[in-house]
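Numbering (this note's numbering), first residue to last: 702 to 848.
So this is what it looks like as structure tokens:
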């Protein structure tokens, strides 16, 4: 199914995720990803627009990112939270894109289900998407948008 509002293809996957909320970890499962966000299956709830600190376990190790909740509720995949990546370290950002590209390629080969919604190049999609790339140890600013 095609959705013209999406900036990149959404791909089914399964990844462990830990959300640090009020210094308390909440474990969940990522059920799909795109270049700009992910869906977390979890019974926990937040307000739409809330900033969330997430640790996603990729096959090559964990990465930390900050995301903004864009959807909270029940979908075909179950109860959960759809988030958009807001701030991510440049190295983790490259790892995220590499994981996305590999997962998308496997989905196109039929190894996983996918929701092809765009054939756009990862770098150009991300540059247009407004994801903030922030160096380790620095604080995000409103002007630190990916080039």
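In this text, a Cβ means the ideal position worked out from N, Cα and C, and glycines have one as well. These numbers were taken from a predicted model, which means no experiment stands behind them.
Could you give the DSSP three-state label for residue i: helix, strand or coil?
i	result
residue 787	strand
residue 756	strand
residue 714	strand
residue 739	strand
residue 708	coil
residue 803	helix
Taking its Cβ as the centre, do 16 or more other Cβ atoms sit within 10 Å of residue i, making it buried, or is it exposed?
i	result
residue 723	exposed
residue 748	exposed
residue 714	buried
residue 718	buried
residue 913	What is shown of the chain runs 702 to 848, which leaves residue 913 out entirely.
residue 731	buried
residue 752	exposed
I need the boundaries of the beta strand (DSSP E) containing residue i, first residue and last residue.
i	result
residue 770	762-776
### Query
Pairing CB atoms from the stretch 741-756 with CB atoms from the stretch 791-799, are three or more of them under 8 Å?
no
### Meets three-Cβ-pair contact criterion under 8 Å: the stretch 799-809 and the stretch 707-720
yes
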